[in-house]
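Take a look at the structure set out below.
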Amino acid sequence: MHVSDLRHKNLSLHKKLKKLYAQRTRSRVNWDAAGYRELLRSMDDPQSRLPPVIHVAGTNGKGSIIAFLRAILEAQGYRVHVYTSPHLQRVNERFVIAGEEIGDAYLEDLIDELQAQHNLTDLSFFEITTAIAFRAFSENPADVLLLEVGMGGRLDCTNVIEAPLVSVISRISYDHTEFLGEDIAQIAAEKAGIIKRGRPCVLGVQGADSAEVLPVIESLAKKDNAPFYAHGRDWRVFREGSSLVFEVSGKKRRYPLPSLAGQHQIYNAGAALMALYLAREVLSVNEKAIEKGLKDARWPGRLQTLDPVTLGLPENTEVWLDCGHNDSAGEALAHMIRGWTLNDPKPIRLVLGMLGHKDVHGFLAPMAELVDEIYLCGISGELSGLTREKLEAEAGRALSGKSVQDFADIKAALKGVGAAEKRQNGRVLIAGSVYLAGDVLSLAGSPHHSVFKD
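Every number in our numbering is 83 more than the matching position in the sequence shown, counting from 1.
Put into C-alpha cells, the structure is as follows:
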C-alpha cells in the first residue's frame, strides 16, 4: 500500500484516508495481531456475522479466481460481497457490497465510526480497511462473501474466518519473500494458514518449479482434517480446441473459453469451478450461469486490451496492460507473447514500471528473449521505483542486445512508444506493477466502476 494510492476525487474522503494511513506508527507490515483482534472485539466481532465465505490465498491469480466466482454466482442470481486488494484507481474498488462498489458517503461514515469509537493506534491501513469491510458486509445482506487474502495467509488479517465454505489456494510463487520466507515450501506453508479444521480446500495449478507445494499443503490439511483437492490429482482443467474442459469425479464438462486472456486464466477459472463444485450444497449454480460467468468475468489490469488513442498512441497500435511483477507472472506473459508471435509476429515493446524491491530478474527472465524494446518508466508518487541501474545490475544479461530507454513517468514513456509506433507498427505490453496499471487506466480515462460492469 502506497500513500499515492489514496488519491480520491472526493476531497473529504481523500483527507480521511490519508489520516488513517498517517496515524500508523509501526512498520508497513504488522504481524502482531493483538491490536487488530481487540478492534474486532470492540466492534462486536463483525467477522462472525458474515454470509458464507470463500477465502482465497495464493501468489498469482487470487483476484482472477474471485472474478470468475463472482461472475458465475451473480449470473445465477446470488448477491455477492467481495473484498480484494490492492485497488487500481480508487479505494472503493476494494469493497463490493451485494454487487455494488461501496459509495463514498457510506465509506466515510464507516471511517468516522471507527475513528470516533475505537482505538486505531498502531493498526495498519490494511487492518483498518479489513475491519471496515467486515462491518459493511455484516450490515448488508448477501448470499456469499468472496474474501481475498492481503498477503500470505496464516497471519493475514482476513484470516479470522473460523469456518469458510471453501478455501482456495492459487498458484504459489516468489513474492514478499522478506515476510513469507525465501523458499517455496515456507511460502506454501504461510498460504496454507487459511485452511480450517474440517473445511474443504482447493489447490490450483502450480508451476513446474513448485514440486514442494503439494506435499506441504496436503500435510497441513491432514493435520486439520480438511478435505483437500489438488489439481492434476482430484480435478483437472485444460483447453481443448475452443473449449475449457473441467473434469472432476470422472465427469468432463465443456464450457466456453474464459473472457480473461491467457492460459493461466483457464487454470484460474478451473480453481473457481472446483470451489463451486465443493460449495454446491449451499451455492448451487447451473450450467447456463457457469457459461455466462466465464464469458462475462472482468478483472481490469490483467492482460487487458486498451484503446491506443486514449493513451496518445496511433490507432492501429495493439496495447495490452498487465499488473504482473513476479516470476510466475513473467512466465504467463511469455506464454502469451509466444502465441502472439506465432499467429501475428510484430515487434514487442515492453513498457516497464516496477517497485524497486521486486524481483526484476525473475519477472523479466522468462520473456526477455521475446521482447524487442524496453521503455523503463517511473511510477507516480513512488520514490523507490526500479531504476535503470538496478535493471541492468539484476537483469542485464537477460537484456543483452535489447534497446532500453529510460523515462521519468508513464506519459513520457508512452510518447517514446508512440514515436516508435509511427516508424514501425508493433505490439505494446505495459506491465510490472499494480500501481503503474492504475496510472495507465486513469490516463486511458477508464471510469471508476465495479469490476464487472463495462
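Yeah, the Cβ is synthetic: ideal placement off N, Cα and C, and Gly gets one too.
Note that the structure is a prediction, hence the values are computed from the model and not measured.
- CA-CA distance, S302 to N93, rounds to 48 angstroms.
- The C-alpha of K505 is placed about 42 angstroms away from the C-alpha of M234.
- Nearest in C-alpha terms to V511, of all of A448, L435, G439 and T470, is L435.
- Nearest neighbour of S256 by Cα position, chosen from A271, N242, V249 and P247, turns out to be A271.
- S342 places its beta carbon 8 angstroms or farther from that of R282.
- Its Cα nearest to that of G484, the residue E456 stands out among N508, E245, G521 and E456.
- Of the residues assessed, T400 falls on the buried side of the cut-off, its CB having 16 or more other CB atoms within 10 angstroms.
- According to the DSSP assignment, A313 belongs to the beta strand (DSSP E) that extends over F311 to A313.
- Beta-carbon to beta-carbon, P449 and E414 are separated by about 5 angstroms, close enough to satisfy the 8 angstroms threshold.
- The beta carbon of L297 is closer than 6 angstroms to those of A313 in its chain, skipping five residues each way along the sequence.
- Distance between R124 and A503, taken at the CA atoms: about 58 angstroms.
- The beta carbons of A527 and T393 sit closer together than 8 angstroms.
- Only residues of its own chain outside the window of five on either side were considered, and among them A417, I420, R421, T424 and I431 have a CB closer than 8 angstroms to the CB of L453, listed in chain order.
- Classified as exposed, V365 has fewer than 16 neighbouring CB atoms from the shown chains inside 10 Å of its CB.
- With a cutoff of 8 angstroms on beta-carbon distance, L122 and A214 are scored as near each other.
- Ranked by Cα distance from A362, the options I155, D128, S147 and Q130 are led by I155.
- Remark: C-beta atoms of R218 and P129 approach each other more closely than 8 angstroms.
- The count of Cβ pairs closer than 8 angstroms, one atom from the region 401 to 408 and one from the region 513 to 521, reaches three, so the stretches are in contact.
- R336 has its alpha-carbon roughly 47 angstroms from the corresponding atom of G464.
- With 16 or more other Cβ atoms inside 10 Å of its own Cβ, E273 counts as buried.
- By the CB criterion at 8 angstroms, H201 and I180 fall outside the cutoff.
- Nearest Cα to V523 within the set D492, Q348 and I194: D492.
- Proximity to V328 across Y350, S486 and E472 peaks at Y350, based on C-alpha coordinates.
- Taking C-beta atoms as the reference points, D489 and R471 count as a pair closer than 8 angstroms.
- Nearest to C240 by C-alpha distance, out of L248, Q198, Q348 and S168, is S168.
- Between the beta-carbon of N143 and that of A412 there is about 6 angstroms, and that keeps the pair under the 8 angstroms contact cut.
- Here the alpha carbon of L386 sits roughly 19 angstroms from the alpha carbon of L152.
- Inclusion of V251 and V139 in the CB contact set at 8 angstroms is warranted, their separation being smaller than that value.
- With 16 or more neighbouring CB atoms inside 10 Å of its own CB, L447 falls in the buried class.
- L197 and E231 have their C-alpha atoms some 22 angstroms from each other.
- In the DSSP assignment, H164 forms a beta bridge with L228.
- As computed with DSSP, D317 is found in no beta bridge at all.
- Counting the other Cβ atoms within 10 Å of the Cβ of K98 gives fewer than 16, which makes it exposed.
- Taking C-alpha positions only, L206 is separated from A117 by approximately 10 angstroms.
- K375 and A105 have their alpha carbons spaced roughly 43 angstroms apart.
- DSSP places I277 within a helical segment (H, G or I) once states are collapsed to three.
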